[in-house]
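In the numbering used here, the protein residues as written are 1 to 240. No residue lacks a Cβ here, since even glycine has one placed at the ideal position from N, Cα and C.
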Amino acid sequence: MLKCDFHMHSLEDPLDVLEHDAFELIDCAAKLKYQVLALTLHRRLHFPAELPDYAKSKGILMISGVECYLDRKEVLLLGATEKDVKSLKTLQDLRSLKRERGAGLIMIAPHPFYGLGQCLGRKLVEFADIFDAVELCHFYTRWWNPNEKAAEVARQIGKPMIACSDSHELKWLKHHYCHLQAKPTQEDVFDAIRMGRIENVTRPLTQAEFASRVFWCAQHEPRRIGRQLGLISPKKPRRK
């Protein structure tokens, strides 16, 4: 079984102001014995050649990824190239790309029923043929859990649920991830996702953790807006 996470962010993300770069993310994941990762920055594919090489040196298979914004909705796209990403404007474009690339791509529906404008919501059913899996989001408690709706819809459309950390801080990597019954190759990992050979490892946030995440979001949003307005400069990455 491979320990995996397919939804992760770092300070190279053009829409965020974060503390760790992609290499620091890999270092942390290696200490936690992850074996497969995908870095999925918002609207930007960040996959320089040295990144998968560095991950490999740490025993990790690094897969290219991006959190696309199509028709004002977010989609996780794995296995994409720069050319692929530049060709996408709409969910229909994504459907066409899936037909073209076939098994070379994986599409995951991130946090689809969290009530935010960028969440897929009903679009998940409308474009069910596009998606290979539905995210089991890290942000839930025993008394509030939008993943229940996601699981219900996933059953309806015949797609597996897959736990991803959506990590914006390194400490988020510890308690929410998945194991795949797969060999450590991109092809076999993708097959395992499609076939639902997934064992999710997750638990609800404690009250303290939930309060901490809410406080983080309240602090983060003004910084994120400030960066987009050019008022805040991101931290320099360890390597370019």
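**Request:** Give the secondary structure of glutamate 135 by DSSP, where H, G and I count as helix, E and B as strand, and everything else as coil.
**Result:** strand
**Simplified DSSP assignment, three categories, for alanine 109** = strand
**Request:** Please classify isoleucine 162: is it buried, with 16 or more other beta-carbons within 10 angstroms of its beta-carbon, or exposed?
**Result:** buried
**Asked** Given a threshold of 16 other Cβ atoms within 10 Å of its Cβ, counted over all protein chains shown, does tryptophan 172 qualify as buried or as exposed?
**Response** buried
**Prompt:** Around the C-beta of threonine 90, are 16 or more other C-beta atoms found within 10 angstroms, so that it is buried, or is it exposed?
**Reply:** exposed
**Asked** Bridge partners of aspartate 61, per DSSP?
**Response** Note on residue identity: the sequence assigns leucine, not aspartate, to residue 61. Answer is Val36.
**Per-residue DSSP class, three states only, for aspartate 16** = coil
**Prompt:** Considering only the beta carbon of each residue, do lysine 159 and aspartate 188 sit closer than 8 angstroms?
**Reply:** no
**Request:** Taking the CB atoms as reference points, tell me whether glutamate 82 and leucine 41 lie closer together than 8 angstroms.
**Result:** no
**Item:** glutamate 187, DSSP secondary structure in three states
**Value:** helix
**Whole-angstrom distance between isoleucine 106 and alanine 150, CA atom to CA atom** = 18 angstroms
**Proximity below 8 angstroms, CB of arginine 72 to CB of glycine 117** = yes
**Message:** Does tyrosine 177 come out as helix, strand or coil in the three-state DSSP assignment?
**Reply:** strand
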